[in-house]
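Each residue of the sequence shown is one higher than the one before, starting from 124 at the first, in the working numbering.
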Amino acid sequence: TEVELQRLRHSLKILSEAEKQLRMSKNQTTWLTVALLQFGNMEPSLPLNLDNPWASQGSPELR
């Protein structure tokens, strides 16, 4: 279905960005954690923003 395709696209974006950040970052644990949190969120309508991983989270206390 279309929803499943959106979720798959979102997952691929998360994996792609996480791989890029893991290759460049000295703090790999942080980026792996961010990727896992993004998967936990899995709302395809939210933008992927690993520059500020909490920016796309729904919880106001994390912003």
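Glycine included, every Cβ here is placed at the ideal spot set by N, Cα and C.
**Study point:** Inter-residue Cα distance where the pair is ARG132 and THR152
**Key:** Against the sequence shown, residue 132 aligns to sequence position 9. Against the sequence shown, residue 152 aligns to sequence position 29. Spanning the two alpha carbons is a distance of roughly 24 Å.
Check your understanding: Helix or strand or just coil, what does DSSP make of LYS149?
Key -> As a first step, residue 149 must be located in the sequence shown, where it is residue number 26. LYS149 falls in the coil class under three-state DSSP.
Exercise for review: Can you give me the Cβ contacts of LEU145 inside the same chain, cut-off strictly under 6 Å, excluding the 5 residues immediately before and after it?
Suggested key: The count along the sequence shown starts at 1 and reaches residue 145 at position 22. Once the five neighbours on either side are set aside, the close Cβ partners of LEU145 are GLN151, TRP154.
**Study point:** Collapsed DSSP secondary structure at THR124 in the structure displayed
**Key:** Mapped onto the sequence shown, residue 124 falls at position 1. Note: THR124 maps to coil in three-state DSSP.
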